[in-house]
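Asks: Pasting a structure here, questions to come.
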Amino acid sequence: MELQVSTASQAGHAVVSAVGELDLYTAPRLQQALAALLGEQELDRVVVDLSGVEFCDSTGMNVLLSGMKRVRERGGVFELAAPRPAVQRILQVTGLDTVFTVHDAVPALDAT
């Protein structure tokens with residue numbers, strides 16, 4: 001299955017939405033989108049909307065961790081939003097639910 005990635009940004013905040021499966025084959029698409037977004041502008045907050053992600057493997061988790069590291073190095077906040085049960089379970093099993101800030105829903109771009 002393909003992975004579709006879209007971004008929206010406003011006033012230093014960005015939401016990156018992913019739809020599909022986040023795995024070895026598709027993770028580079030999300031990685032490229034995050035790199036492009038961070039290369040284009042200074043962001044205080046990046047939220048990755050996982051509501052459309054049906055599956056995520058370790059490669060996908062590594063892309064998310066790498067994105068978080070890059071945003072934090074710049075003094076920003078990196079958050080995950082609305083993971084489906086399968087993705088939420090991976091976060092819990094790996095302990096990454098304590099590493100990432102995870103929201104039940106996607107915050108509005110202008111929310112803090």
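Quick note: the sequence shown, position 67, residue 67 per the UniProt record's numbering, numbers continuous.
Every residue gets a Cβ at the ideal spot worked out from N, C-alpha and C, and that includes glycine.
(1) So, at 6 Å on beta carbons, what are the nonlocal neighbours of L34 in its own chain, with the 5 sequence-adjacent residues on each side left out?
(2) Alpha carbon to alpha carbon, how far is A18 from V48?
(3) Mapping DSSP to helix, strand and coil, what is T26?
(4) In angstroms with no decimal places, state the Cα-to-Cα distance between A27 and H13.
(5) Which same chain residues, not among the five before or five after V87, have their C-beta less than 6 Å away from its C-beta?
(6) Whose CA, out of E73, M1, S6, L65, lies closest to the CA of residue 118?
(7) A82 lies in the alpha helix (DSSP H); which residues open and close that run?
Replies: In short, the structure shows the following:
(1) On the sequence shown, position 34 is the one that residue 34 refers to. Here L34 has G67 as same chain residues with Cβ atoms under 6 Å from its own Cβ, once five neighbours each way along the sequence are excluded.
(2) Along the sequence shown, read from residue 1 onward, the residue named residue 18 stands at position 18. Along the sequence shown, read from residue 1 onward, the residue named residue 48 stands at position 48. Approximately 7 Å between the Cα atoms of the pair.
(3) The sequence position of residue 26 within the sequence shown is 26, counting from 1. In the three-state reduction of the DSSP assignment, T26 falls in the coil class, being assigned neither a helical nor a strand state.
(4) The sequence position of residue 27 within the sequence shown is 27, counting from 1. The sequence position of residue 13 within the sequence shown is 13, counting from 1. Straight-line spacing of the CA atoms in A27 and H13 works out to 22 Å.
(5) For the purposes of this step, residue 87 is taken as residue 87 along the sequence shown, with counting starting at 1. So the qualifying residues of the chain are L50, V53, C56.
(6) With the chain represented from 1 up to 112, any question about residue 118 goes unanswered, as that position is not in the structure.
(7) As a working mapping, residue 82 is identified with position 82 in the sequence shown. It is not in any alpha helix (DSSP H) - A82 carries neither H nor E in the DSSP assignment.
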